[in-house]
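K.L.:
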Amino acid sequence: MQFYTSYFGNIGALPKNATLVSISLWSPRGWNGKHIKQLAPTEDILLEYKRMPDKIRYTDRHMSEVLGKRSADGLVKAISEKWGDGTYVFLCYEKPGQFCHRRLVARWLEKA
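Here our numbering = 1-based position in the sequence shown + 104.
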């Protein structure tokens with residue numbers, strides 16, 4: 105299995121054979137694709153970040169409250185069992201270069 109990250113605005117440029125997976129708390133209107141809400145930041149984490157944009161606090165909270173409660177190996181196994189092996193692209197809203205939880209998820213998977 106291969107995992108990549110991108111953003112919803114780039115869907116048209118992604119490989120047609122890739123399985124697109126939203127990892128946002130809320131997917132775009134009309135999204136009919138796959139969704140792993142368990143990788144998204146909680147609403148509380150998002151609201152706190154909007155009030156006080158502290159990347160370190162956001163990262164700490166996402167790692168402990170979201171990813172820390174899951175097993176990367178277990179996630180990979182569950183994806184494989186549910187959707188098969190293949191190429192997966194995890195999507196959210198932020199463009200490349202913007203701070204985003206996609207990179208946190210990618211690093212978490214890479215460590216596993």
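Just so it is clear, CB atoms sit at the ideal spot from N, CA and C, and this is done for glycine as well.
Using alpha carbons as the reference points, say which of HIS205, PRO200 and TRP187 lies closest to ALA122.
P.N.:
TRP187
K.L.:
Under the DSSP definition of a beta bridge, which residues are partnered with SER110?
P.N.:
Looking at the DSSP output, SER110 bridges to LEU195.
K.L.:
At the level of alpha carbons, what is the spacing between CYS204 and LYS181?
P.N.:
For the pair CYS204 and LYS181, the Cα-to-Cα distance works out to about 24 Å.
K.L.:
Can you check whether the CB of ILE140 is closer than 9 Å to the CB of VAL170?
P.N.:
no
K.L.:
Apply the 10 Å Cβ neighbour rule to LEU151 and answer buried if 16 or more other Cβ atoms are within range, or exposed otherwise.
P.N.:
exposed
K.L.:
Report the option in GLU147, TYR197 and HIS166 whose CA atom is closest to the CA atom of VAL125.
P.N.:
Residue TYR197 is the option with its Cα nearest to VAL125.
K.L.:
Just to confirm the assignment, what range does the beta strand (DSSP E) spanning ASP126 have?
P.N.:
Before going on, a small fix: residue 126 reads as Ser here, not Asp. Its beta strand (DSSP E) spans residues 123-126.
K.L.:
Which residues share a DSSP beta bridge with LYS138?
P.N.:
The partner list for LYS138 (beta bridge, DSSP) reads VAL125.
K.L.:
In the DSSP assignment, the alpha helix (DSSP H) including GLU169 goes from what residue to what residue?
P.N.:
Careful: GLU169 lies outside any alpha helix (DSSP H) and carries neither H nor E.
K.L.:
Which same chain residues, not among the five before or five after ALA144, have their C-beta less than 6 Å away from its C-beta?
P.N.:
ILE127, SER128 and LEU129
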